[in-house]
Amino acid sequence: MRRTLPLFILLLVTISPLIAQVPPQAVTLEWKTPPVILTGVDFTLEVVAKDPAGNVLTTYNESAVVAGITRSSQGDGKSSPLRFSGGVLKVEDAIMSDAGSHTISVSLLLPDGAAGPVAGSAAVRVIPGILSVLPPLLAIVLALVLRQVVISLFAGIWLGAIFLFDYNIIGGIYRVLDHFIVKALSETSHLQIILFSMLFGGMVGIISKNGGTVGIANVITRYAKSPRGGQLASWGMAFVIFFDDYANCLVRGNLMRPITDKLRISREKLSFIVDAGAATVASVMIISTWIGYEVGLIEQGLKMIGSTEDAYAVFLQTIPYRFYPIFTLILVFLVGFMNRDFGPMLDAERRARATGKVLRDGAQPATDLTETADAFTTDKPPRWYNGLLPILTILVVGLYGLYTTGTAALAAEGTSSYGVGDIISKSDSYAALLWASLSGCLMAILLTVGQRLMKLTETIDAWFNGLKSMLLAMLILILAWSIGSVTEELHTAGYLVQVLRGTIAPQWLPVLVFLIAAVISFATGTSWGTMAIMMPLVIPLAHTLGVDAQLSPIDLQIILHGVISSVLAGAVFGDHCSPISDTTILSSMASACDHIDHVRTQLPYALLAAVVGMLVGDIPTAFGMSPWISIALGIVIMVVFLRLFGKSPDPVTA
Numbered sequence: 033m034r035r036t037l038p039l040f041i042l043l044l045v046t047i048s049p050l051i052a053q054v055p056p057q058a059v060t061l062e063w064k065t066p067p068v069i070l071t072g073v074d075f076t077l078e079v080v081a082k083d084p085a086g087n088v089l090t091t092y093n094e095s096a097v098v099a100g101i102t103r104s105s106q107g108d109g110k111s112s113p114l115r116f117s118g119g120v121l122k123v124e125d126a127i128m129s130d131a132g133s134h135t136i137s138v139s140l141l142l143p144d145g146a147a148g149p150v151a152g153s154a155a156v157r158v159i160p161g162i163l164s165v166l167p168p169l170l171a172i173v174l175a176l177v178l179r180q181v182v183i184s185l186f187a188g189i190w191l192g193a194i195f196l197f198d199y200n201i202i203g204g205i206y207r208v209l210d211h212f213i214v215k216a217l218s219e220t221s222h223l224q225i226i227l228f229s230m231l232f233g234g235m236v237g238i239i240s241k242n243g244g245t246v247g248i249a250n251v252i253t254r255y256a257k258s259p260r261g262g263q264l265a266s267w268g269m270a271f272v273i274f275f276d277d278y279a280n281c282l283v284r285g286n287l288m289r290p291i292t293d294k295l296r297i298s299r300e301k302l303s304f305i306v307d308a309g310a311a312t313v314a315s316v317m318i319i320s321t322w323i324g325y326e327v328g329l330i331e332q333g334l335k336m337i338g339s340t341e342d343a344y345a346v347f348l349q350t351i352p353y354r355f356y357p358i359f360t361l362i363l364v365f366l367v368g369f370m371n372r373d374f375g376p377m378l379d380a381e382r383r384a385r386a387t388g389k390v391l392r393d394g395a396q397p398a399t400d401l402t403e404t405a406d407a408f409t410t411d412k413p414p415r416w417y418n419g420l421l422p423i424l425t426i427l428v429v430g431l432y433g434l435y436t437t438g439t440a441a442l443a444a445e446g447t448s449s450y451g452v453g454d455i456i457s458k459s460d461s462y463a464a465l466l467w468a469s470l471s472g473c474l475m476a477i478l479l480t481v482g483q484r485l486m487k488l489t490e491t492i493d494a495w496f497n498g499l500k501s502m503l504l505a506m507l508i509l510i511l512a513w514s515i516g517s518v519t520e521e522l523h524t525a526g527y528l529v530q531v532l533r534g535t536i537a538p539q540w541l542p543v544l545v546f547l548i549a550a551v552i553s554f555a556t557g558t559s560w561g562t563m564a565i566m567m568p569l570v571i572p573l574a575h576t577l578g579v580d581a582q583l584s585p586i587d588l589q590i591i592l593h594g595v596i597s598s599v600l601a602g603a604v605f606g607d608h609c610s611p612i613s614d615t616t617i618l619s620s621m622a623s624a625c626d627h628i629d630h631v632r633t634q635l636p637y638a639l640l641a642a643v644v645g646m647l648v649g650d651i652p653t654a655f656g657m658s659p660w661i662s663i664a665l666g667i668v669i670m671v672v673f674l675r676l677f678g679k680s681p682d683p684v685t686a
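Numbering (the working numbering), first residue to last: 33 to 686.
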């Protein structure tokens with residue numbers, strides 16, 4: 033026995049390398065790689081060891097070498113040996129430099145440190161990184177040229193599908209539908225957002241038809257007895273008809289026009305007040321036809337960075353950072369209250385006050401929109417509560433839904449002490465919004481039919497008209513989700529990060545994002561299209577740059593809130609003052625103002641609000657200043673500006 037023991041040891045040492053070369057036969061390797069890989073951009077590679085039944089082998093902890101990649105963390109460009117951990121081998125800093133079709137393989141390490149035979153491999157496609165920015169860039173360029181956001185977004189998705197699916201031009205068209213659009217509609221939260229928005233539109237259709245919105249407006253106009261009162265009443269009405277920017281424009285413009293004409297307020301000033309209180313109000317209110325769209329885009333961006341935050345809670349947290357709409361609304365109030373104007377608006381107001389000419393000589397007023405399908409048409413007097421009660425129902429039921437779902441989630445976690453912020457962050461906002469919008473519809477129907485303002489069939493027709501008014505918006509939203517998926521699968525944000533890394537501090541992103549969004553929205557006239565293009569890019573970009581800069585969680589959250597707010601605020605800039613924006617045109621039409629006169633006179637005010645928002649809002653808050661301090665400073669600056677450069681339009685005091 034003693035003689036055979038050395039021989040046995042010698043034999044074991046001799047054949048052990050051969051044994052190590054053969055991976056366990058019961059192990060299969062499952063590869064998880066991106067659809068495409070961008071040259072020079074980090075990607076995550078994952079290899080999972082499974083048994084024949086498909087279960088992860090949690091005891092599999094072999095050392096291995098991955099061939100075909102380099103790692104960005106390895107300065108010499110070589111890939112260090114790796115190890116399976118719990119059956120999973122994960123490389124988060126893999127990188128490839130050459131475009132084309134390549135093979136990545138895994139080999140187990142031998143005892144002498146050499147790589148054994150290939151245990152598994154996967155084929156991958158690598159494309160030039162610059163291609164990843166072309167789909168959203170194409171969408172932007174086409175939107176600028178064609179002024180058609182649906183066609184532009186579809187073209188961007190199609191180009192992305194071509195890159196993702198082997199450069200197949202014809203197949204890319206079908207992938208737009210069966211891959212991206214179906215994927216967008218397959219998520220429960222997306223369907224909830226669509227349902228909420230459609231139901232809300234239906235409610236607006238009813239209260240527009242039954243006289244509710246007109247009744248609310250009539251209450252406010254009782255206090256308009258002077259030019260100052262007329263301007264402030266027109267401004268205040270924006271917060272009453274806050275739920276929809278279109279309804280806001282149409283109701284306020286048509287209702288206030290006869291009153292402001294008597295008070296010698298120019299049509300240019302009326303259209304400015306109407307326009308400045310439409311998208312700006314709807315975009316920041318906690319309940320409106322905008323909220324489903326905005327929350328949907330935020331949710332998608334948060335998912336792209338792996339965040340589990342509630343999108344509605346983030347939406348609420350970003351409201352104080354929406355400096356452009358906030359300063360625009362404050363500026364309109366200050367102009368009316370201080371009775372001071374500047375620029376072309378001052379000339380228009382002086383003309384109206386001195387001569388009573390609310391339009392300049394030779395002006396061509398836009399078509400009046402009082403004769404619309406959604407206008408109040410019953411022979412009963414308009415009643416304010418027919419509009420207010422459905423809106424209050426939505427607010428009450430929505431808050432109740434947030435409270436019940438939030439407290440239920442906290443109770444399930446065993447949390448007994450919490451505040452309002454905790455409740456909202458844990459709530460099911462989508463369910464709450466669904467309950468609220470359905471309740472608002474039911475209340476509007478009951479009020480309309482119960483008072484015999486319209487027959488049930490007429491009420492349902494008005495409801496359907498409201499639904500139809502949201503179809504285009506929902507189509508844009510679906511395409512926005514789809515192009516977001518395109519940029520996610522193409523790792524567009526990763527490429528932008530790679531290009532910008534080390535060249536820009538994350539604190540400068542909010543103001544840059546606002547500028548870009550403002551330019552796009554002004555040039556295209558579409559706020560929703562701008563949000564759709566920008567949001568999927570800037571959230572991952574801000575997150576990655578913030579992590580690279582080693583920002584604290586609080587500072588990183590500030591930057592994320594800043595860029596999200598900048599997209600939404602910059603998009604509103606174009607919606608407010610672009611000559612091709614729908615609400616700008618609607619404001620001119622509802623106010624019966626020459627459209628070019630409207631654009632020309634309001635642009636200086638919009639630029640003032642934008643510049644103040646960037647200088648005291650976007651920039652300092654990104655470096656830690658409280659947004660409330662920024663708002664206070666902005667108010668002071670605008671008051672001083674009006675005192676220095678604004679003048680009274682009253683001929684007596686001019």
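Here a beta-carbon is modelled for each residue, glycine too, at the ideal position from N, C-alpha and C.
| request: Under 8 Å by Cβ, that's how I've got Q332 and P568 pegged, so tell me the actual separation to the nearest angstrom. | output: Indeed, because the Cβ distance is near 6 Å, the residues count as touching under 8 Å.
How many whole angstroms separate the CB atoms of A512 and L329, which I take to be in contact at a CB cut-off of 8 Å?
-> 6 Å
Tell me the start and end of each unbroken alpha helix (DSSP H) in the segment 193–234 that is at least 4 residues and wholly inside, in chain order. 201–207, 214–217
When you compare only the Cα positions, how much space is there between D400 and M502? Low confidence applies to D400: its pLDDT is 42, below 50, so where it sits in the model is not reliable, and the reading given next is rough at best. Near 22 Å, if we compare the C-alpha coordinates of M502 and D400.
Closest Cα partner of D379 within the set N93, T65, I69, P683: P683
- Message: Using only CA atoms, which one of L89, V59, P681, V79 lies nearest to A386?
- Response: P681
Report the option in V671, R675, H627 whose CA atom is closest to the CA atom of S303. H627
Just the Cα atoms here: how many angstroms apart are D276 and S320? C-alpha separation (whole angstroms): 6 Å.
Secondary structure at H627, three-state DSSP: helix, strand or coil? Note: H627 maps to helix in three-state DSSP.
Contiguous alpha helix (DSSP H) assignments of at least 4 residues, all confined to the segment 367–404: 376–387
Residues bridged to V137 by DSSP? Here residue 137 turns out to be Ser, not Val, going by the sequence shown. Answer is A99, S153.
Q) Would DSSP call Q57 helix, strand or coil? A) In this predicted model, Q57 has a pLDDT of only 47, less than 50, meaning its place in the structure is not dependable enough to derive any value.
Sort out for me which residues DSSP pairs E62 with in a bridge. As a beta-bridge residue in DSSP terms, E62 pairs with V80.
Handout entry: Close beta carbons around A99, own chain, < 6 Å, minus the five adjacent residues each side
Key = S137
Notebook entry, point to check: Can W267 and I305 be called in contact, C-beta distance under 8 Å?
Noted result: yes
Restricting to Cα atoms, I'd like to know which of Y255, S258, A310 is closest to Y278. A310
Whose C-beta lies closer than 6 Å to the C-beta of L185 among residues of the same chain, with five residues either side of it excluded? A171, L511, I515
* Please confirm whether H593 and Y356 have their CB atoms less than 8 Å apart. => no
Secondary structure of R115, DSSP reduced to three states = strand
Distance check for I226 and P422, CA to CA, integer angstroms please.
20 Å
Counting pairs of beta carbons, one from the segment 292–302 and one from the segment 381–395, are three or more of them closer than 8 Å?
yes
* Going straight from the alpha carbon of R675 to that of P376, what length do you get? -> 17 Å
Note down the Cα distance separating V668 from L363, rounded to an integer number of angstroms.
-> 11 Å
Check: Within this structure, are the beta carbons of L470 and L231 separated by less than 8 Å?
Finding: yes
**Message:** Which residue wins for smallest C-alpha separation from R383, given the options V579, R296, T437, G244?
**Reply:** R296
query = Among residues of its own chain, excluding the 5 on either side of S153, which ones have a beta-carbon nearer than 6 Å to its beta-carbon?
reply = T135, S137
Return the CA-CA distance between E520 and S459, expressed in angstroms with no decimal places. 27 Å
### Message
Nearest by alpha-carbon distance to I273: which of R289, G262, V251 is it?
### Response
V251
Next item on the list: Give the DSSP-derived three-state secondary structure of L70 in the structure shown.
Entry: strand
Report all residues from its chain with a CB closer than 7 Å to the CB of G124; omit the five preceding and five following residues, and keep chain order. This sequence places Glu at residue 124; Gly is not what is there. Taken in chain order, the residues that qualify are T76.
*Find the nearest neighbour of G698 within the set P572, L635, K215, judged by alpha-carbon distance.*
Past the edges of the chain, shown from 33 to 686, lies residue 698, and the structure says nothing about it.
Compare the C-alpha of A155 against each of P66, K294, P413 and name the closest.
-> P66
task = Excluding the 5 residues preceding and the 5 following S620 in the sequence, name in chain order all residues of the same chain whose CB lies nearer than 6 Å to its CB.
result = S303, A398, H627, H630
Examine chain C for any beta-carbon lying closer than 8 Å to the beta-carbon of P143, and answer yes or no. Absence of chain C from the displayed structure is noted, only one protein chain being present.
- Item | Environment of K687 [buried if 16+ CB atoms lie within 10 Å] | Not covered by the structure: residue 687. The range shown for the chain is 33 to 686.
message = Using the three-state DSSP reduction, which class does A126 fall into: helix, strand or coil?
response = strand
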